[in-house]
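Below is one structure; the comments refer to it alone.
Residue numbers (UniProt numbering): 1 to 560.
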């Protein structure tokens with residue numbers, strides 16, 4: 001948990017090997033200048049010029065065995081040099097993959113259960129409306145009733161996003177995810193055993209509340225507890241779990257579609273997964289960063305929260321009690337938090353997310369999840385079946401198989417993003433992916449206007465759209481949302497981003513049918529293509545690169 005702190009050495013020169021002309025220990029020369037300040041460090045250049053205007057030239061700097069570091073260096077009792085804990089640019093936290101699997105896996109199950117609802121609902125609505133297979137006397141649903149069944153979880157997610165806004169920092173990331181798991185279980189079981197439509201809708205609403213909390217708490221917990229050098233990979237993997245959930249929903253639906261009352265099994269199968277998620281989160285410690293935030297906010301004794309954060313980080317990294325590295329990381333993070341909020345109130349106001357650096361973060365994160373929805377992904381996937389049928393794919397006659405084909409391709413492309421996000425960075429994937437989105441939408445418009453005789457154009461456009469979405473807006477939007485908000489307002493900020501996501505999703509879903517009737521498919525895709533170009537401009541002008549930066553560095557270097 002590296003962080004920038006102002007009350008740290010500003011200039012450190014470390015030479016790994018001695019030079020014959022300098023009298024130093026055989027292993028190292030150590031030069032340190034320290035200055036205390038209540039303001040965050042700006043850059044090495046400014047401190048170097050301010051504090052070392054006539055620093056003599058050292059011949060060793062050009063030697064092949066020298067190394068230059070700016071950061072915090074600490075000496076332990078034995079005189080050996082400690083590790084740099086301030087900047088991820090110079091310090092890469094040591095960890096084992098086995099220690100990060102469970103802190104990632106259990107929160108990510110919240111995303112999987114969100115995806116599962118999307119996949120299972122498509123088959124469940126078919127089963128529920130069948131006179132022979134529904135197993136109910138109320139199978140004849142009106143369009144409004146069916147719409148409530150399908151979008152009930154969406155309304156619940158919107159409500160959950162609203163409810164979590166004022167209580168996010170009180171609950172904490174761990175308790176929020178445990179609550180989400182409980183709601184998932186209650187929602188799944190209530191829906192599965194519903195004796196009437198009203199009870200079914202209550203179950204859908206409860207499940208949606210779980211989605212709202214899980215999609216808020218999961219990226220928070222993963223981003224705050226994982227090593228920063230793999231933060232992009234793990235938060236993007238959560239998107240992969242959403243796609244896996246969609247596939248799982250399709251898979252179970254295809255097996256239960258011909259069973260009487262099969263929709264009950266489709267909805268109820270989520271409960272065991274949610275139970276595993278809840279028990280898993282119960283076994284994990286709270287987020288160390290959240291504990292330190294509560295300490296800075298004056299919500300308890302500072303020493304108590306420091307001790308809890310120290311034990312939490314040691315457990316998360318699989319280190320033994322009394323581990324010195326975890327203790328130093330906690331101390332440096334606490335110094336960074338105190339420095340960042342030295343001139344502010346201990347706890348942000350209700351509307352602070354709309355001010356200063358928090359507003360800038362919301363424009364970045366909220367803008368990304370907004371464009372994620374209004375570039376038309378639901379509409380493009382709506383046309384997947386007809387497009388593949390036109391191209392002569394026999395699988396297109398079966399809606400479930402078409403969905404599985406698209407889902408598998410989404411899974412493969414999401415995996416590409418997972419592998420490359422911490423290598424290439426966020427902006428290159430966004431720029432390349434959104435450019436491909438715009439191109440694919442214009443190609444689909446051209447297909448419906450005057451290229452109807454070339455079905456390969458439609459198939460290529462569809463796959464290009466799905467692939468580009470899954471390497472850009474799909475995983476990167478949620479990754480950026482989890483990164484850019486200051487710790488002080490992160491809980492509230494992400495709840496607003498989640499609300500923006502589900503709200504814009506609802507708008508696109510409701511506006512799709514009238515727009516299709518008004519404009520036609522060719523002009524609708526042309527409109528979405530223009531919006532994609534607008535979103536590309538937004539990425540180029542507004543979205544920063546956060547690769548390799550700790551959460552504290554993002555706050556100090558990008559937002560302020």
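All C-beta atoms, glycine included, are put in the ideal place defined by N, C-alpha and C. Only a predicted model underlies this, so the values are computations on that prediction, with no experimental measurement involved.
Using C-beta distances below 7 angstroms, list every residue in its chain close to residue i, excluding the 5 sequence neighbours before and after it, in chain order.
i           : result
residue 145 : 197
residue 541 : none
residue 435 : 536
residue 131 : 139
residue 532 : 375, 434, 437, 438, 441
residue 323 : 314
Using only the alpha-carbon positions, how far apart do residue i and residue j sit?
i           : j           : result
residue 445 : residue 108 : 36 angstroms
residue 141 : residue 204 : 16 angstroms
residue 536 : residue 304 : 47 angstroms
residue 358 : residue 99  : 32 angstroms
residue 467 : residue 195 : 41 angstroms
residue 360 : residue 484 : 9 angstroms
residue 214 : residue 176 : 7 angstroms
residue 200 : residue 191 : 5 angstroms
residue 209 : residue 557 : 35 angstroms
residue 243 : residue 301 : 43 angstroms
residue 266 : residue 546 : 40 angstroms
residue 478 : residue 422 : 14 angstroms
residue 257 : residue 115 : 19 angstroms
residue 206 : residue 534 : 36 angstroms
residue 486 : residue 554 : 8 angstroms
residue 425 : residue 503 : 28 angstroms
residue 260 : residue 152 : 23 angstroms
residue 461 : residue 454 : 12 angstroms
residue 241 : residue 101 : 13 angstroms
residue 269 : residue 185 : 10 angstroms
residue 481 : residue 493 : 9 angstroms
residue 30  : residue 328 : Model confidence at residue 30 stands at a pLDDT of 36, short of 50, so the residue's coordinates are unreliable; what they give is reported in the following sentence. Taking the straight line from one Cα to the other gives about 20 angstroms.
residue 412 : residue 338 : 43 angstroms
residue 518 : residue 443 : 20 angstroms
residue 459 : residue 387 : 7 angstroms
residue 135 : residue 284 : 41 angstroms
residue 272 : residue 549 : 37 angstroms
residue 474 : residue 405 : 18 angstroms
residue 319 : residue 336 : 23 angstroms
residue 255 : residue 229 : 41 angstroms
residue 512 : residue 414 : 26 angstroms
Using C-beta distances below 6 angstroms, list every residue in its chain close to residue i, excluding the 5 sequence neighbours before and after it, in chain order.
i           : result
residue 416 : 471
residue 212 : 157, 160, 161
residue 181 : 274, 277, 278
residue 491 : 168, 169
residue 521 : 448
residue 544 : 558
So, under 8 angstroms CB-CB, residue i and residue j are touching, yes? Tell me the CB distance rounded to an integer number of Å.
i           : j           : result
residue 120 : residue 249 : 4 angstroms
residue 497 : residue 298 : Going by Cβ atoms, the distance from residue 497 to residue 298 rounds to 27 angstroms, so no, they are not a contact pair.
residue 437 : residue 525 : With a Cβ gap of about 11 angstroms, residue 437 and residue 525 do not count as contacting.
residue 418 : residue 237 : 5 angstroms
residue 233 : residue 289 : Wrong, their Cβ atoms sit about 19 angstroms apart, outside the cutoff.
residue 370 : residue 500 : 5 angstroms
residue 325 : residue 309 : Not really, about 14 angstroms apart at Cβ, beyond 8 angstroms.
residue 330 : residue 306 : 6 angstroms
residue 495 : residue 164 : 5 angstroms
residue 262 : residue 133 : 6 angstroms
residue 106 : residue 217 : The pair is not a contact, with the Cβ atoms about 11 angstroms apart (cut-off 8 angstroms).
residue 429 : residue 420 : 7 angstroms
Can you list, in chain order, the residues of its chain whose CB lies under 8 angstroms from that of residue i, leaving out five sequence neighbours each side?
i           : result
residue 572 : This structure does not reach residue 572, given that the chain is present from 1 up to 560, and the question cannot be answered.
residue 138 : 196, 197
residue 129 : 139, 140, 141, 146
residue 282 : 178
residue 354 : 362
residue 150 : 121, 125
residue 111 : 214, 215, 218, 238, 239, 241, 242, 245
residue 408 : 247
residue 457 : 443, 446, 447, 451
residue 515 : 524, 527
Write down every uninterrupted run of the beta strand (DSSP E) in the segment 461–501 whose length is 3 residues or greater and which is fully enclosed by it, in chain order. Entirely contained in the segment 461–501, not one beta strand (DSSP E) run reaches 3 residues.
Please go through the segment 208–267 and give each complete alpha helix (DSSP H) segment of 4 or more residues, from N-terminal end onward. For the alpha helix (DSSP H) assignment, the uninterrupted runs of no fewer than 4 residues enclosed by the segment 208–267 are, from N- to C-terminal side, 231–256.
Note down, one range per segment and in chain order, each alpha helix (DSSP H) of at least 4 residues found wholly within the segment 257–328. If we require 4 residues or more, the alpha helix (DSSP H) runs fully inside the segment 257–328 come out as 262–268, 270–283, 288–296, 302–317.
Quick check on the DSSP output: what are the complete beta strand (DSSP E) runs of length 3 or more inside the segment 430–459, in order along the chain? Assignment of beta strand (DSSP E) within the segment 430–459, counting only whole runs of 3 or more residues, yields no such run.
Which ranges would you report for the beta strand (DSSP E) in the segment 142–194 if only whole runs of at least 3 residues count? Complete beta strand (DSSP E) runs here, min 3: none at all.
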